[in-house]
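Counting from 1 along the sequence shown, just add 39 to a position and that's the residue number in the working numbering. For each residue, glycine too, the CB sits at the ideal point set by N, CA and C.
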Amino acid sequence: RHLNSLGTGMGQGQLLHLPGLNFTGQIDRVMHACAELKFHMRPLFRKNDYSGGAFYILQSSNSFFVPEQHAEALLELSRTVAERETQCRARMQSDNELRIRVCDAVGRAVGTVRGMSLLTFEEAESILSMLWLGIELGMLPWLDMGQVLQKVTELLIAPAQLAGSTNLRKDQFRLHREMARSFRRDLLHLDVSE
């Protein structure tokens, strides 16, 4: 009876890394502006919690009917948000207090990876966000962006490893331990043998 409402059956989204908007406290305003334009911007890893990392997905509010002009509007909006992020990063570079806060956050991320034995999903998101920012600002020339992107991908699929677990607590501990080892090994090239 309602077959004409099926739409395309596919959604569209754009991954955005927005640490500048987070650091300057503008992320809520940007999210509200996106909502007014009938787009939804949400954290990549957590549905309703905006703390932690600065990875976001920008998508159409109506993900099952995306006409071509709506896809163009999504791309245009993502460009506008990216321009706003660039402005915030320029402000972070020119404002001494913000620059020190960013350097501290990036340095803490590296230090955490160096010394950690366990890594939760929330910590991993925040660490990856700061490492990504550090690379883009030229603070971590020894770190390859491809390595960080690989870890983001691994973080997206890691919860699937817990599906169907009969001993969730034990399996979570094992996964957090393995995530810490892989971050130390792959990002900082540290020996993780025990």
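According to the DSSP assignment, residue 80 belongs to the beta strand (DSSP E) that extends over 78-82.
Closest option to residue 172, judged by alpha-carbon separation, among 53, 225, 124: 124. Under the DSSP assignment, residue 215 falls in the alpha helix (DSSP H) whose first and last residues are 207-227. Across the structure, residue 165 and residue 61 are spaced so that their CA atoms are roughly 12 Å apart.
Remark: C-beta atoms of residue 55 and residue 94 approach each other more closely than 9 Å. In the DSSP assignment, residue 65 falls outside any alpha helix (DSSP H), carrying neither H nor E.
For residue 97, the uninterrupted beta strand (DSSP E) segment begins and ends at 94-99. Per DSSP, reduced to three states, the secondary structure at residue 52 is strand. Inter-segment contact for the segment 116-131 and the segment 148-162 is absent: fewer than three beta-carbon pairs are separated by less than 8 Å. Between residue 131 and residue 205, the gap from beta carbon to beta carbon reaches 9 Å or more. Three or more beta-carbon pairs separated by less than 8 Å link the segment 107-117 to the segment 66-86, which places the two stretches in contact. A Cβ-Cβ separation of about 17 Å leaves residue 156 out of contact with residue 197 under the 8 Å criterion.
Collapsing the DSSP output to three states places residue 119 in a helix. For residue 215 and residue 153, the gap between their C-alpha atoms comes out near 15 Å. Taken through DSSP and simplified to helix, strand or coil, residue 180 comes out as coil.
Taking each of 107, 159, 52 in turn and checking the Cα distance to residue 212, the smallest one comes out for 159. Counting only the Cα atoms, residue 223 lies some 33 Å from residue 117. Secondary structure at residue 131: helix, using DSSP grouped into helix, strand and coil. If the five residues before and after residue 144 are omitted, its C-beta is found closer than 7 Å to the C-beta atoms of 169, all from its own chain and listed in chain order.
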